[in-house]
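J.:
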Amino acid sequence: MFFVISGFIMYHLCRDRFGVNGAPGNFIVRRLIRIVPPYWGATVCMLLAIWLFAGHISHAAIDPWHVLGSFLFFPVENPYGQFYPVMILGWTLQFEVLFYVVFCIGLFFSRKVGLSIILGAVTLLGLSPLIVHFQSGPMAFWSNSIVLEFVYGIGLAELRARGVRLSAAKGWAVFAGGCALLALMQFAGLAFQYGLRAIWIGLPALVMCAGPALIAQKNQAAPSLLKRLLVFGGDASFALYLSHPFSINLVALAAARLGIQNPWTYMALATAASLVGAALVYMMLERPLTTRLSEALHMRKPRILAS
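Residue 1 is where the sequence shown starts when you use UniProt numbering, and the numbers rise one by one after that.
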């Protein structure tokens, strides 16, 4: 669902900014402010962990070019022949930054032209293995049908922008149908057919996202506690994404020291530690840092050029 949601949010927020003066630069700077400082910090922490606990970490070998590629979000093979960056979870960001660049280029043009460029480039990339099979280099990583899920997200955002809505009951029924479809693909063994991931996993993910995304919203005088918690969870999601491996490993070390062997107890502690750790990282590090960077760069809303 990650890339479907990414495409949805990106297009939903920028649908009216195509061809707007300053919009491309504003977009790319905001995105980089959002992901670069936390990701670089997590990468540095991972490098320190590899250095300090090399004997206890699998795939601990590092290479200077691989480290550089990790910081630049550029896919470089690690010493084990894989395209995972130092912070392994960062493989998704290597796709995400590519989307940012393509989307930024599209924003220079009118919506019709820009959207054609974005959809055309990403679709061509996702379908390229049908024509040529890249054995090595960054294209071997980028030319994955998973990128088509980004296109799905844009299409879903366009449906919402055109007023397509579902009742709450229908929306959650669609979501449940997507979950069932994904479970069916898993049961049939199709979920691991990565060459056709955009079909076996991407389409169920699209259906799962479509349900909640198209639910008609009711006007509320003030946001409920649940809504505020969900908004905070969304804001802190990137911190959770980056910090949870560290939290889980710290819990594993503590559990080993304390002799905790019950898997349910371990899972509960790891989940709690991950959530609390993410909230602290977001409130104490990510949010203050990104706010100061935005203020330092005087980020403003772009203005539409006079015709």
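Cβ atoms here follow ideal geometry from the backbone N, Cα and C, with glycine treated the same way.
Which residue marks the beginning of the alpha helix (DSSP H) containing Tyr-152, and which one marks its end?
T.: First-last of the alpha helix (DSSP H) with Tyr-152: 148-161.
J.: By Cβ distance, which residues of its chain are closer than 6 Å to Ile-146, with the 5 residues on each side in sequence left out?
T.: Cβ neighbours of Ile-146 beyond the five flanking positions: Arg-197.
J.: Would you tell me roughly how many angstroms separate the C-alpha atoms of Phe-232 and Leu-289, rounded to the nearest one?
T.: Distance between the alpha carbons of Phe-232 and Leu-289 is about 17 Å.
J.: Below 8 Å on the Cβ atoms is my guess for Leu-125 versus Gly-114; work out the distance and round it to an integer in Å.
T.: About 17 Å; that fails the 8 Å criterion.
J.: Give me the residue from Arg-165, Tyr-11, Arg-228 with the minimum Cα distance to Pro-212.
T.: That would be Arg-165, whose Cα lies nearest to the Cα of Pro-212.
J.: Determine the DSSP secondary structure at Ser-307, reduced to helix, strand or coil.
T.: No answer about Ser-307 holds up, because its pLDDT of 28 lies below 50 and its placement is not dependable.
J.: Hey, could you find the ends of the alpha helix (DSSP H) Leu-229 is sitting in?
T.: Note, Leu-229: alpha helix (DSSP H), 225-235.
J.: Apart from the five residues on each side of it in sequence, which residues of its chain come closer than 6 Å, Cβ to Cβ, to Pro-37?
T.: So the qualifying residues of the chain are Leu-289.
J.: Just mark Tyr-84 as buried or exposed, buried being the case when its beta carbon has 16 or more other beta carbons within 10 Å.
T.: Label assigned to Tyr-84: buried.
J.: Do the region 162-176 and the region 21-30 meet, that is, are 3 or more Cβ pairs less than 8 Å apart?
T.: No: the two stretches stay apart, fewer than three of their Cβ pairs being nearer than 8 Å.
J.: Residue ranges of each beta strand (DSSP E) run of no fewer than 3 residues wholly in the region 72-129, ordered along the chain?
T.: None, since the region 72-129 contains no complete beta strand (DSSP E) of that length.
J.: Using the beta-carbon count (16 or more within 10 Å), is Met-267 buried or exposed?
T.: So Met-267 counts as exposed.
J.: Does Gln-94 pass the burial test, meaning 16 or more other C-beta atoms within 10 Å, or should it be called exposed?
T.: Classification of Gln-94: buried, given that the 10 Å Cβ count is 16 or more.
J.: Going by DSSP in three states, Asn-249 sits in which element: helix, strand or coil?
T.: DSSP places Asn-249 in helix when its eight states are reduced to three.
J.: On the three-state DSSP scale, how would you describe Asn-21?
T.: Residue state, collapsed to three classes: strand.
J.: Using 8 Å as the threshold, is the region 200-208 in touch with the region 174-184, meaning 3 or more CB pairs across them?
T.: Touching, yes.
J.: What is the DSSP secondary structure of Ile-201, counted as helix, strand or coil?
T.: Correct three-state label for Ile-201: coil.
J.: Looking at Tyr-152 and Gly-202, is the spacing between their C-beta atoms short of 8 Å?
T.: In this structure, Tyr-152 lies closer than 8 Å to Gly-202 by Cβ.
J.: Please classify Met-10 as buried or exposed, where buried requires at least 16 neighbouring CB atoms within 10 angstroms.
T.: Flag for Met-10 reads buried.
J.: Going by C-alpha distance, which of Leu-52, Ser-274, Leu-47 is nearest Pro-64?
T.: With distances taken between Cα atoms, Pro-64 lies closest to Leu-47.
J.: How long is the line joining the alpha carbons of Phe-53 and Tyr-39, rounded to whole angstroms?
T.: Cα-Cα distance, rounded: 20 Å.
J.: Report all residues from its chain with a CB closer than 7 Å to the CB of Pro-204; omit the five preceding and five following residues, and keep chain order.
T.: Contacts found: Gly-178, Leu-181, Leu-182, Met-185.
J.: Going by DSSP, which residues form a beta bridge with Ile-260?
T.: Partner(s): none; Ile-260 has no beta bridge.
J.: Roughly how many angstroms lie between the CA atoms of Leu-68 and Asn-78, to the nearest whole one?
T.: The straight-line gap from Cα to Cα measures roughly 11 Å.
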